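See structure below.
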Amino acid sequence: MTYVQKPRPALAWEKTNSLGLTRRDYEGSLSTLCAGCGHDSITAAIVKAFFELEVPPHQVVKISGIGCSSKTPAYFLRTAHGFNSVHGRMPSIATGANAANSDLVCVGVSGDGDSLSIGLGQFAHAVRRNMNMLYIIENNGVYGLTKGQFSASADVGSKAKKGEVNQQSPIDPMLLTLSLGASFVARSFSGDKAQLVPLIKAGIRHKGFALIDVMSPCVTFNDHEDSTKSYSYMRRYHHPAVQADFIAPAATIQASGGEHGEAIPVQLHDGSRIMLRKAAPDYDPTDRAAAFEYIERHQRRGEVVTGLLYINEQRSSMHDLAGTVNSPLTEMAYEKLSPGSKTLADIQKAYR
Amino acid sequence: MTYVQKPRPALAWEKTNSLGLTRRDYEGSLSTLCAGCGHDSITAAIVKAFFELEVPPHQVVKISGIGCSSKTPAYFLRTAHGFNSVHGRMPSIATGANAANSDLVCVGVSGDGDSLSIGLGQFAHAVRRNMNMLYIIENNGVYGLTKGQFSASADVGSKAKKGEVNQQSPIDPMLLTLSLGASFVARSFSGDKAQLVPLIKAGIRHKGFALIDVMSPCVTFNDHEDSTKSYSYMRRYHHPAVQADFIAPAATIQASGGEHGEAIPVQLHDGSRIMLRKAAPDYDPTDRAAAFEYIERHQRRGEVVTGLLYINEQRSSMHDLAGTVNSPLTEMAYEKLSPGSKTLADIQKAYR
Amino acid sequence: MTEKAAGDAVRINDFVIKLANVNGTGSASANSLLMKAFFRMGIPVMGKNYFPSNIQGLPTWYEVRVSGDGYTAHNNRVDLFVAMNAQTYEQDMAEVVPGGYLLYDDTWPREKMFDRDDITLIGVPLAKMCNETFSGVRARILMKNVAYVGALAALLDIDLEVIRGLLNDIFASKDALIASNLQAIELGHGYVREHYPCPLPLRVEPSDKTSGHILIDGNTAAGLGCVYAGATVGAWYPITPSTSLMDSFKGFCHRHRIDEDTGEKRFCIVQAEDELAAIGIVLGAGWAGARAFTPTSGPGISLMSEFIGYGYFAEIPAVIFDVQRVGPSTGMPTRTQQGDIAMCAYASHGDTKHVVLFPANPEECFYFSVAAFDLAERLQTPVFVLSDLDIGMNDWMCPELKWDDSYKPDRGKVLTAEQLEEMAYFHRYTDVDGDGICARSLPGVHPTGAFFTRGSGHNKRGDYTENSEEYAEVMDRLARKSETAATLVPEPLVTRNSGARHAIISVGSCDDAVREALDIFEQRDIPLNYLRVRGFPFVESIADFIRAHERVFVVEMNRDGQLRNLLIAELGVEPSRLVSVLEYSGMPLAASLVVEAIDGTLAEGVAA
Amino acid sequence: MTEKAAGDAVRINDFVIKLANVNGTGSASANSLLMKAFFRMGIPVMGKNYFPSNIQGLPTWYEVRVSGDGYTAHNNRVDLFVAMNAQTYEQDMAEVVPGGYLLYDDTWPREKMFDRDDITLIGVPLAKMCNETFSGVRARILMKNVAYVGALAALLDIDLEVIRGLLNDIFASKDALIASNLQAIELGHGYVREHYPCPLPLRVEPSDKTSGHILIDGNTAAGLGCVYAGATVGAWYPITPSTSLMDSFKGFCHRHRIDEDTGEKRFCIVQAEDELAAIGIVLGAGWAGARAFTPTSGPGISLMSEFIGYGYFAEIPAVIFDVQRVGPSTGMPTRTQQGDIAMCAYASHGDTKHVVLFPANPEECFYFSVAAFDLAERLQTPVFVLSDLDIGMNDWMCPELKWDDSYKPDRGKVLTAEQLEEMAYFHRYTDVDGDGICARSLPGVHPTGAFFTRGSGHNKRGDYTENSEEYAEVMDRLARKSETAATLVPEPLVTRNSGARHAIISVGSCDDAVREALDIFEQRDIPLNYLRVRGFPFVESIADFIRAHERVFVVEMNRDGQLRNLLIAELGVEPSRLVSVLEYSGMPLAASLVVEAIDGTLAEGVAA
Ligand SMILES: Cc1ncc(C[n+]2csc(CCOP(=O)(O)OP(=O)(O)O)c2C)c(N)n1
Ligand SMILES: Cc1ncc(C[n+]2csc(CCOP(=O)(O)OP(=O)(O)O)c2C)c(N)n1
Ligand code: SF4
Ligand code: SF4
Ligand SMILES: [Mg+2]
Ligand SMILES: [Mg+2]
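Residue numbers (numbering that gives the first Met the number 0), protein chains in the order written: chain V, 0 to 351; chain H, 0 to 351; chain D, 0 to 607; chain A, 0 to 607.
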């Protein structure tokens, strides 16, 4: 039998979802981040997405590395297991949890330092395995928790608070994961919840590795004048290329072309759909090389292309490729795992 | 004063270069690799390139990780210092050696396991730093030294010797490093010395990170029928897009369009030039996104695009970005490093 | 052939053959055929492979010891050398004992070179015969190896029927292969019978000392143990000499863990991108509730250090096999050593202490790998199984493995959904019964079980803390858990000899040589007691054992006496009592080394 | 204000102030201003920062101890609490000694809450005054902190001139800033003078005990040491509490190592992608002939383990600073501990033993970092400088640093081009003079110097080997090199007291507390001797010292007695003689803990 979270008595004005849970049931403990930190907005978007998707919180696992960003899993889904691992190694923990129990909804939260410096290898290989998880990079161009050194996502010419100018070219998670054959490549901005929430929903429902790189300003160390990761810079150069609406399995499609071009439906494995609305008419989010070209071109102009930039629902996920049994390995009875004494005797005939 | 290698008395039939050295002076100890291993052909190409470039061997450092490929620095340039480091960490050793002594000509040799699995993070960050070195991946799709497991460059559907079929999508060093903003991205085939030798020369002379991914069949574990890294597969699907001729500073250009389109000269920092001859008329090796698109498109057809696929001589190398002094730090006199006792006393005034 | 001095003393079922080959020429299967032939004749046998860290073309050796008395340790004496590698003729010849034999391929005669007059040279034109008989380069090379087995069969009186039986089993129904192999056997056999007096004084006679036994290597046995323990997630990065452990697990799973109807796999093996990822995957899986493991060797443990400390502090079950090779650094990847004892005991920064099991042979590899999973879940911590190249990659004669079908995995204190449903709250790190072990909950089971796992400071409720008292409380409980662990790890094995004043303490693959040495001392009327350590943290009885002897020789295979240091530091015993006997050259331990070292010390003792 | 019991006993230049703040509110500079004011008045002072692993909004504390007698260890007694954080009012109040004082911001009065009747409450409306005086949120918050310094100045009789001087120095020519800070000082000062009898019985008087001294933190001093040692390559990955070491090196290099004409840098700092890369860069640079270093903390060392073993075996100079924080795992990154002693001594798989220096204060951080580079090159091996958060990040009072301009870096046995030119061949690992150290050559210098550096088995010529004897020969020489190292590391410091039967051995930042404890024991007529370990491998004289005492208390800051274990294992001394005194809560050691622990043991001794 499975147990579910008992709904708290909802206050009159609180909306509940079909599980009888309110949005507050999807929250976590109080944030200890700096007031105004972009990461807190992402936390709020995650809460909203899970609440609206009506996922039972305890069927989720929240995994992170180390950094201000990696602290945030404590601030959402109180009744989900959390795993604050070591710096840069969240992907391997997530891989293990997913290997053991494929039913768990796996959300990984990381920072640009955590994923693009120390964790680059694990990050790239999680993409390659296409393991089924939502992977969020809370990208602020600096190491927040160690007080503001440049990270590998810092743009050339971006200035640190103390005046130093970054000289090295950035590692862009979008270009990088396109090159690695990722199946769901998205970018957003912590200040744009309307864009972010549906992306999170789609990422959760995508069967495979769903990356959302969220520009998330660090108010303490990287929100000043000459930073390219500040609120003001992002407000100016945040360039949505494709908007994605998420539609739950039962819902009917609100087919509206929107202001920018026609809507393209993408069917997800569980029956839900994403409606893609192209903000940029020349953009094709199913063409890997074209996506690369578009992002790169705009990057050279200092623009940060956002949206669901690439999606490929055909790629098989880790367990599908491996041919693992459909139910969680953690629930497999021991009798189905042990070949037993007779088989052991048989096996040993070959060892004589 | 600098010391140079004393030429051995050359045999009558041996050609000598302007340093009075023969090709044998650029060789190393006897290879202990399997007979027919692709890596040995790459070794031979390196010997030829250095001999013809007339580089004094002892001004070169040869650095590698662990693997069959990483053993090969022992087999060339006997009188150069070698550093066979640990698995996947050659880039950091090279970075340190280059940081200390920018005059050294730095050649890194690695394998696909060494660079794309355990070493992916270091590899990517060496690209990002654009440190001045030639980086060769001897790519055979398997871990040769540990007896034939698939590496991260194995293609989907490629079959192992024992029958297992690779399911995971490959990490392609070309697409990967294009996404990382590499300044010199080349691919070749160990069986095509005519293509490989000029690429090696150009890579040595390129000021910055020069990557050559050399398809190098493992005769023992990955040269069978259904392998996509075998000699026969490569002979069939090796698809040269751009040929590069290397021209030493003094030489006059042999301007010949060749069969395929016109020749484009690229000026290197030391005055030498590369003449690019496009085998594919629609190919532009100075357009990053176009290169990505071309390689990716051919990859989907099973073709391995080779040649100098992308070059950007504008990017500054590590020391240029850092503003380090032009001469090797190892040669800096201690007097220029110590601020002396008077300064120490001054400094301490602020600590009261 | 003229028999040389001492060569005519008949030695039945008691000699050492060493074979020199070139690697990559398929000699391994021929050598294993030879070893198995002795085994099937009922004679205890040992076989050890000394191979290079290389794929093709370098020298490689194989040592076969035949011992009716059951001594299966490495032995520096070589009675008969099969010298198949011209590169090493000289050094090979030098190793033969006076009165011994050297067999070589005299297709290219080298009588001049083999100039020792105290050994007997046996030339057999293996290449010539095989070139004449077989076609194809590869076949000719392979068959040369089989042919020398035939020659040895004649020289040593190996039962040809046994060899035939083996070939039948090995090649199953591939009749052509069986035929050609038999042909090669007969080539060698026939030639030798014809040209040399057979058998040699050195020879075998059928016996009955191997029934109820198998020949198996430790990695195969350990992999099999993982299957029987119910492990479902394996993560690894290839590294010699641990690679075959995962090959074993994979192979057995493919045969016994695939759903017959659906073809679905009841296991998940992840070839990780490196060792840091491999241990991460194991911790993630263990945390989620699967039995998960990773096999590696020294360099892998170094890379895993950070995560191992996490596993200790956050209390996550994990099983780590360290199949030790020669360190430090890359060292000699194809040689054996016990150089990782200290590292595994205390791996990672800060105060840590890990559970380590020390199997001494493949049989224990099997049982200890099952025990390791039980302990990892019972103690909620990473558990090391510290084997070595010698155990892991060489075939050892072992009693047949047994399985008790009533075995149930010990999952330790895992709260079920039902239990959580009854609880008002759940505090992850509260020890209610004083054994230092707290209840844990698995993700996906029940909302009440949710908690936030972290490697940073936490209190007994599982909340983040930077409070000194709360932190220290958790650390003190972890120390208490170590004490519990000491009572749960496999107890030391003690062998007592009446009248013993001194004793030996040893560990792992030293066991065979130590037991042989004990017998030698006993024959010389010097009784010694013997304790073999099998688990860490140490149980207090080891201290008692040490204190009960005047001198305790600590026999181990590393330079720095790592086990000895650990005994002193952990048990507070007097260092002067403990005398190191060390072998760290990369070769397995031989009894003679132990005997000489102890003799030396005891002589000093008498003199002083 | 009514003075409470014992509050009227006058205490001059001998008390502890603790300040509670919210982090990210700029309190650090105010607290440092306070500390410096005492220092400039000539009174020995200690200041320790207890901050959270967080950027903004959590509780943080600062402890200032004023001690005319020069005791600068942490002290659990708090005489005056400045409670600026309402979240922690309750726990803060509880810490004040009976008769002590608590100053708080009574803009929002809390008389009810501060209900202890044995302490004196001092309310100052800091927020109110600052809000009235300053504009801008940030300025108001910052000035509140400065204002309480003004209040303290009045209460404790701190010379306002000194504070003015400090502000002038801090803000140099920024007159506006000086003015506003002074205004804030005067706000606090004026209010307190007006409302409370000033000064308190607790107060300061000018003294002359700080001349010739500076206030500096260990990371700054160590970074400066790297500059003076001639280090040119620094590689690092940020990690608390080591980050400021590289900041220091960078800062001093920017001021003193940039060519005035060309602007070229005579140093190269690489912010690596992680710690594995950082140590790789250091090894690559050291191999190429530069003096190179990396600062890190525990988790970094764990990650560097594989490469550290490489450095040991391939014999490459490297300097590694481990500024220890609380482990295991992520632990408490902003608390102090000595938990990495064991790891650093033996880091990496296989038999290894490393050179470790143990500075006890910032002064030694400076000198030992110079020594570390000399030793690394002399011994051709990685050298650890094992500092900790307390030394590294807190300002300590130290004698001024001195520099001898005749200093020449000891490059060790590096062959010049001229020497190589004379040589027929070069064998990298041949020890010609028996000290275990071989000559090395640098790349780019001379063709004869070329060799192939590797972590795999090599012989004394530097060639690859899998030969047992050749391998063992190199390992034995490395052991010999360790013996040489023991004679070269900083010798232990010994303090003797006549009539001492027992002794203390300690290490690193424990020093201050231990010396204070020694004085306390001496006053009680219990003379103790004291040895402070400053380098590993241990020199034999430490064993003699231990054997010369009945009981030796090993005082260190970790749970498992890592130094004690090391002493026993390495020196063969009798474990029963060595009694652990441990502080592992994350707080710096206090003399009282040492005194109580030793009292306890000695009392037992008497009873037994
Ligand atoms: C092995 C290791 N190295 C270094 C650190 C120190 N450290 C903690 S967080 C961090 C960087 C965090 O940056 P990012 O991932 O971008 O997160 P942010 O704080 O910016 O959200 C570093 C270097 C660590 N905890 N562990
Ligand atoms: C830390 C570590 N893990 C694993 C190994 C084992 N190992 C040696 S070489 C190798 C793979 C080599 O593959 P690649 O780089 O492709 O080289 P190739 O042999 O194919 O040329 C592995 C896994 C090792 N030496 N060190
Ligand atoms: S330091 Fe930056 S990233 Fe960290 S919590 Fe503060 S604003 Fe956010
Ligand atoms: S195993 Fe493969 S890669 Fe290694 S030497 Fe042989 S052919 Fe080359
Ligand atoms: Mg960041
Ligand atoms: Mg390879």
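Glycine included, every Cβ here is placed at the ideal spot set by N, Cα and C.
The structure presented is a predicted model; accordingly, all values stated were derived computationally and were not measured.
Reducing DSSP to helix, strand and coil, say where residue i ends up.
{"i": "Glu-258 of chain H", "result": "Bear in mind that the predicted position of Glu-258 of chain H carries a pLDDT of just 49, short of 50, making it too unreliable to give a figure here."}
{"i": "Arg-287 of chain H", "result": "helix"}
{"i": "Met-0 of chain V", "result": "For Met-0 of chain V, the predicted model reports a pLDDT of 46, less than 50, meaning its position is unreliable and no value from the coordinates is stated."}
{"i": "Arg-192 of chain D", "result": "helix"}
{"i": "Phe-552 of chain D", "result": "strand"}
{"i": "Asn-48 of chain A", "result": "strand"}
{"i": "Thr-106 of chain D", "result": "coil"}
Would you list the one or two residues that DSSP bridges to residue i?
{"i": "Thr-452 of chain D", "result": "V:Phe-82"}
{"i": "Tyr-309 of chain H", "result": "H:Val-184"}
Can you tell me whether residue i sits near ligand 5, meaning its C-beta is under 7 Å from at least one heavy atom of the ligand?
{"i": "Tyr-236 of chain A", "result": "no"}
{"i": "Val-141 of chain V", "result": "yes"}
Could you say which of the options lies nearest to residue i if we only look at CA atoms?
{"i": "Gly-46 of chain A", "options": "A:Asn-30, A:Leu-302, A:Gly-69", "result": "A:Asn-30"}
{"i": "Phe-544 of chain D", "options": "D:Gln-522, D:Arg-495, D:Arg-109, D:Thr-106", "result": "D:Arg-495"}
{"i": "Arg-351 of chain H", "options": "A:Met-34, A:Ser-579, A:Gly-69, A:Arg-10", "result": "A:Met-34"}
{"i": "Arg-39 of chain D", "options": "D:Pro-51, D:Asp-462, D:Asp-168", "result": "D:Asp-168"}
{"i": "Ile-597 of chain D", "options": "D:Leu-166, D:Arg-531, D:Pro-587, D:Ile-525", "result": "D:Ile-525"}
{"i": "Val-369 of chain D", "options": "D:Ser-241, D:Pro-332, D:Leu-302, D:Gly-222", "result": "D:Gly-222"}
{"i": "Gln-182 of chain D", "options": "D:Ala-19, D:Cys-129, D:Thr-219", "result": "D:Cys-129"}
Closer than 7 Å to a non-hydrogen atom of ligand 3 - does that hold for the CB of residue i?
{"i": "Ile-54 of chain D", "result": "no"}
{"i": "Leu-343 of chain V", "result": "no"}
For ligand 1, any of its heavy atoms closer than 7 Å to the Cβ of residue i?
{"i": "His-348 of chain D", "result": "no"}
{"i": "Cys-67 of chain V", "result": "yes"}
I'd like to confirm something about residue i: is its beta-carbon nearer than 7 Å to some heavy atom of ligand 4, or not?
{"i": "Val-218 of chain H", "result": "yes"}
{"i": "Leu-115 of chain V", "result": "no"}
Residues, ordered as in the chain, of the segment 395-423 of chain A that lie near chain H by beta-carbon distance below 8 Å: Correct list: Glu-399, Leu-400, Lys-401, Trp-402, Asp-403, Asp-404, Tyr-406, Lys-407, Pro-408, Ala-416, Leu-419, Glu-420.
Compile a chain-ordered list of the residues in the segment 205-238 of chain H whose CB is closer than 7 Å to at least one CB of chain V. Here the close residues number zero.
Give, in chain order, every residue of the segment 6-33 of chain H whose Cβ lies closer than 8 Å to some Cβ of chain D. Interface annotation for the segment 6-33 of chain H against chain D: Thr-31, Leu-32, Cys-33, criterion Cβ-Cβ distance under 8 Å.
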